[in-house]
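Q: Numbering (my numbering), first residue to last: 666 to 842.
Ideal Cβ positions, reconstructed from N, Cα and C, are used throughout, including at glycine.
Predicted model, so just to flag it, every value in this text is computed and none were measured.
Shown next, in the form of structure tokens:
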């Protein structure tokens, strides 16, 4: 007779979650360590904000490419699907994000109730303005690339931001026109 080992599923899930949270922290720390190294090797006169914005722009182009196969402009959920992808990316990095439907038909919001990135910015001496500008650059690049591919006029506006002292981050997505 073969003996089957009993597995405490809840304990195993806790271990996996702890590993995930550790990995997310490593990713955030690595970002700021990269930032420090890049600034140390940058030519004279390079501003930290310019370096960071360019990096987030590159990340945004790459992120948009990963979103393209999941989007279908002919679906009535196109805008909400973009928001869901942003939420998915955010949750994959340990952020607490969700989609909130707007009052208007071509409007949806992404809301972050917590985000660990500002804390890492503080730890590594990066200004909050840089943290917010980097986030905005990333998302705006994604939206710009989506608009270019799908010939749409999706707009993104940051209404609230944790790095500015707001309790949440809130971004509005809507279709212009």
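Kindly list the residues whose CB is nearer than 7 Å to the CB of residue 759, restricted to its own chain and excluding five residues on each side of it in sequence; keep chain order.
A: Result list for residue 759: 686, 689 and 781, in chain order.
Q: Any idea which residues DSSP pairs residue 837 with across the strands?
A: 774 and 822
Q: Given a cut-off of 8 Å on the beta-carbon distance, is the pair residue 775 and residue 808 in contact?
A: no
Q: To the nearest angstrom, how far is it from the Cα of residue 834 to the Cα of residue 767?
A: 16 Å
Q: With residue 761 as the anchor, note down where its beta strand (DSSP E) starts and where it stops.
A: 761–766
Q: Entirely within the segment 666–724 and at least 4 residues each: give me those alpha helix (DSSP H) ranges in chain order.
A: 674–706
Q: Out of 828, 731, 679 and 802, state which residue places its alpha-carbon closest to the alpha-carbon of residue 821.
A: 802
Q: Quickly, what does DSSP pair residue 739 with across the bridge? List them, please.
A: BP columns for residue 739 are empty, so no partner.
Q: How should residue 755 be labelled, buried or exposed, when 16 other C-beta atoms within 10 angstroms of its C-beta is the threshold for buried?
A: buried
Q: In whole angstroms, give me the CA-to-CA distance for residue 786 and residue 670.
A: 45 Å
Q: Answer with buried or exposed for residue 796, where buried requires no fewer than 16 other C-beta atoms within 10 angstroms of its C-beta.
A: buried
Q: Within 8 Å, do at least three Cβ pairs link the segment 813–828 to the segment 731–743?
A: yes
Q: Since residue 722 and residue 823 are thought to touch, with beta carbons under 8 Å apart, how far apart are those beta carbons, to the nearest angstrom?
A: About 16 Å separates the two Cβ atoms, so there is no contact after all.
Q: Report the residue from 819, 837 and 825 whose alpha carbon sits nearest the alpha carbon of residue 743.
A: 819
Q: Could you please give the first and the last residue of the uninterrupted alpha helix (DSSP H) stretch that includes residue 806?
A: 793–815
Q: If you count every other CB in all the chains shown that lies within 10 Å of the CB of residue 683, and 16 or more means buried, which is it?
A: Looking at its Cβ environment, which holds fewer than 16 other Cβ atoms inside 10 Å, residue 683 is exposed.
Q: Return the residue from the list 826, 798, 827 and 811 that minimises the CA-CA distance to residue 714.
A: 798
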